[in-house]
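To keep things clear, I will list the structure first and then write my remarks on it.
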Amino acid sequence: MQWSFSIGTVAGSQIRIHVTFFLLLAWVALVYMQEGGASAAIEGVLFISAIFACVVLHELGHALAARRYGIKTPTITLLPIGGVASLERMPEDPRKEIVVALAGPLVNVIIAFVLIVFLGAGLDLSTAAALEDPAAGFLARLAAINVILVLFNLIPAFPMDGGRVLRALLATRYSRVRATEMAARVGQAAAFVFGFLGLMSGNPLLVFVAIFVYIAAAGEAQATGMQDIARSLRVRDAMITSYEALGPGATLGEAAELLLKTTQHEFPVLDTNGTMTGVLLRRDLVAGLEQAGRDGLVDGFVNRDVPAIAETEGLETARDLIQQKGKPAVAVRGRDGMLVGYVTMENLAELMLIRTAVDHAE
Numbered sequence: 027m028q029w030s031f032s033i034g035t036v037a038g039s040q041i042r043i044h045v046t047f048f049l050l051l052a053w054v055a056l057v058y059m060q061e062g063g064a065s066a067a068i069e070g071v072l073f074i075s076a077i078f079a080c081v082v083l084h085e086l087g088h089a090l091a092a093r094r095y096g097i098k099t100p101t102i103t104l105l106p107i108g109g110v111a112s113l114e115r116m117p118e119d120p121r122k123e124i125v126v127a128l129a130g131p132l133v134n135v136i137i138a139f140v141l142i143v144f145l146g147a148g149l150d151l152s153t154a155a156a157l158e159d160p161a162a163g164f165l166a167r168l169a170a171i172n173v174i175l176v177l178f179n180l181i182p183a184f185p186m187d188g189g190r191v192l193r194a195l196l197a198t199r200y201s202r203v204r205a206t207e208m209a210a211r212v213g214q215a216a217a218f219v220f221g222f223l224g225l226m227s228g229n230p231l232l233v234f235v236a237i238f239v240y241i242a243a244a245g246e247a248q249a250t251g252m253q254d255i256a257r258s259l260r261v262r263d264a265m266i267t268s269y270e271a272l273g274p275g276a277t278l279g280e281a282a283e284l285l286l287k288t289t290q291h292e293f294p295v296l297d298t299n300g301t302m303t304g305v306l307l308r309r310d311l312v313a314g315l316e317q318a319g320r321d322g323l324v325d326g327f328v329n330r331d332v333p334a335i336a337e338t339e340g341l342e343t344a345r346d347l348i349q350q351k352g353k354p355a356v357a358v359r360g361r362d363g364m365l366v367g368y369v370t371m372e373n374l375a376e377l378m379l380i381r382t383a384v385d386h387a388e
């Protein structure tokens with residue numbers, strides 16, 4: 027995730043912190059400073075840090091459960107609204123998805139249990155109502171927060187944990203695509219409720235959660251639909267075959283002219299044998315023009331992280347390379363090994379729009 031940096035690796039997952047998280051810490055420190063001075067500010071920052079340590083453990087619960095099914099979690103990112111575990115994929119078996127989804131809240135149950143039973147943290151309704159009051163006790167408030175995290179995450183608002191459980195349960199009766207669409211609608215409805223409550227209570231974090239849930243639900247529904255479509259097609263059914271390419275000696279000025287004359291946002295770069303050696307993305311072209319001018323060579327700004335696959339391979343292979351591995355494009359080879367086209371995220375999305383429209387018409 028952009029604007030985040032690594033603080034270490036735990037159980038094979040890189041823990042990253044988004045820079046906006048420090049804005050939250052600064053805001054907490056300022057509020058507590060105004061109310062009780064420096065000591066209150068320090069305690070407030072420590073309490074928020076303890077909460078997010080619990081969030082990291084929550085996300086590690088998901089990661090460890092997913093690893094049991096051979097699924098890696100490359101990164102866990104901390105945001106002001108919580109944590110995001112970037113699993114390579116979710117299990118498609120409903121039972122396995124339920125296990126992975128519930129593993130996170132289970133960690134918070136264990137934390138609350140340890141705090142209450144072994145560390146003597148008192149927990150009652152008064153504590154839950156006074157989370158911002160240091161007088162309620164550090165451990166008691168932390169235990170209450172973990173209980174709240176369990177209850178909040180189990181709300182069936184896809185793609186939150188409870189929403190994933192809902193999707194898995196629906197998938198036992200409907201197709202995975204249909205189950206995802208239904209769970210996403212429930213999640214977006216819940217997002218409107220979160221947003222309304224956040225606005226009425228003056229809680230900006232709840233508003234941000236609402237926005238995140240709404241966008242994430244739509245994104246997951248689209249990704250699941252694209253995955254289903256990709257499984258039924260070959261790469262040749264979706265690849266771009268009409269395009270302008272750049273040679274090894276092309277200049278940035280020539281690329282800029284093609285950008286204006288065509289609708290392409292990326293340009294394949296070929297060697298003298300016609301083999302695709304990389305792709306020049308629009309953002310890299312603009313950066314190159316700023317650094318080297320129109321006479322600069324394209325070669326210094328080409329993204330060479332472009333895998334090549336055969337046109338007979340399943341489209342799902344190309345989708346996984348782009349969506350999960352973050353490749354900018356996938357080159358497609360014909361039977362003679364020469365470039366016959368390429369696939370990008372944009373034309374995969376266009377393919378999905380067309381197939382969805384056709385399916386609805388039928």
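If you use the working numbering, the sequence shown corresponds to residues 27 to 388, in order.
Just so it is clear, CB atoms sit at the ideal spot from N, CA and C, and this is done for glycine as well.
Over what stretch of residues does the alpha helix (DSSP H) that includes residue i continue unbroken?
i	result
G63	46-93
L206	Note that residue 206 corresponds to Thr in the displayed sequence, not to Leu. Taken as a continuous stretch (DSSP letters only), the alpha helix (DSSP H) holding T206 covers 202-227.
F2	The structure shown has nothing for residue 2, since the chain only spans 27 to 388.
A281	278-287
At which residues does the beta strand (DSSP E) containing residue i begin and terminate?
i	result
R359	356-359
E292	292-296
L365	365-369
G34	30-36
I335	334-336
In chain order, what residues of the same chain lie with their CB nearer than 7 Å to the CB of residue i, ignoring the 5 residues before and after it?
i	result
T394	There is no way to answer for residue 394, as the model of the chain reaches only from 27 to 388.
G322	T277, L278, G314
Y269	Q290, P294
G160	In the sequence under discussion, the amino acid at residue 160 is Pro, which differs from the Gly named in the question. The residues are A66, E69.
G360	E337, V366
Helix, strand or coil for residue i, going by three-state DSSP, please let me know.
i	result
Y240	helix
L307	strand
L347	helix
M116	coil
I142	helix
R461	Nothing can be reported for residue 461: it is not among the residues displayed for the chain, which extend from 27 to 388.
A183	coil
Q248	helix
I41	strand
T301	coil
A111	strand
T103	strand
G340	strand
I266	strand
L374	helix
L195	helix
L315	helix
L323	strand
L272	strand
Excluding the five sequence neighbours on either side, which residues of its own chain have a C-beta within less than 6 Å of the C-beta of residue i, listed in chain order?
i	result
A194	P120, E123, I124
G148	A166
G221	V233, A236
R308	H291
K98	E114
L175	N134
I142	L149, A169
R330	G304
Y240	Q214, A217
L104	I43, F47, F78
Buried or exposed for residue i, going by 16 or more other Cβ atoms inside 10 Å?
i	result
I348	buried
Q60	exposed
A205	buried
V110	buried
M251	The sequence given here has Gly at residue 251, not Met. Buried is the call here.
P230	exposed
S30	buried
I107	buried
V358	buried
M353	Looking at the sequence shown, residue 353 is not Met but Lys. K353 should be labelled buried.
M186	buried
R190	buried
L225	exposed
R320	exposed
D362	exposed
Is residue i near the ligand ADP, going by C-beta to nearest heavy atom under 7 Å?
i	result
V135	Ligands displayed in this structure: none; no statement on the ligand ADP is therefore possible.
Going along the chain, which residues of its own chain have a beta-carbon closer than 8 Å to the beta-carbon of residue i, five neighbours each way excluded?
i	result
Y200	M208
I266	G367, Y368, V369, T370, N373
Q40	S32, G34, P100, T101, I102
V45	W29, S30, F31
query: Looking at C-beta atoms only, is the number of pairs between the stretch 67-83 and the stretch 44-58 that lie closer than 8 Å three or more?
result: yes
message: For the pair the stretch 80-93 and the stretch 60-71, tell me if three or more CB-CB distances fall below 8 Å.
response: no
message: Check whether the stretch 362-369 and the stretch 282-289 are in contact - that is, three or more C-beta pairs closer than 8 Å.
response: no
message: For the stretch 244-261 against the stretch 326-346, do three or more pairs of beta-carbon atoms, one drawn from each stretch, fall closer than 8 Å, so that the two count as touching?
response: yes
- prompt: Given 8 Å as the limit, is there contact between the stretch 211-226 and the stretch 165-179, that is, 3 or more CB pairs closer than that?
  reply: no
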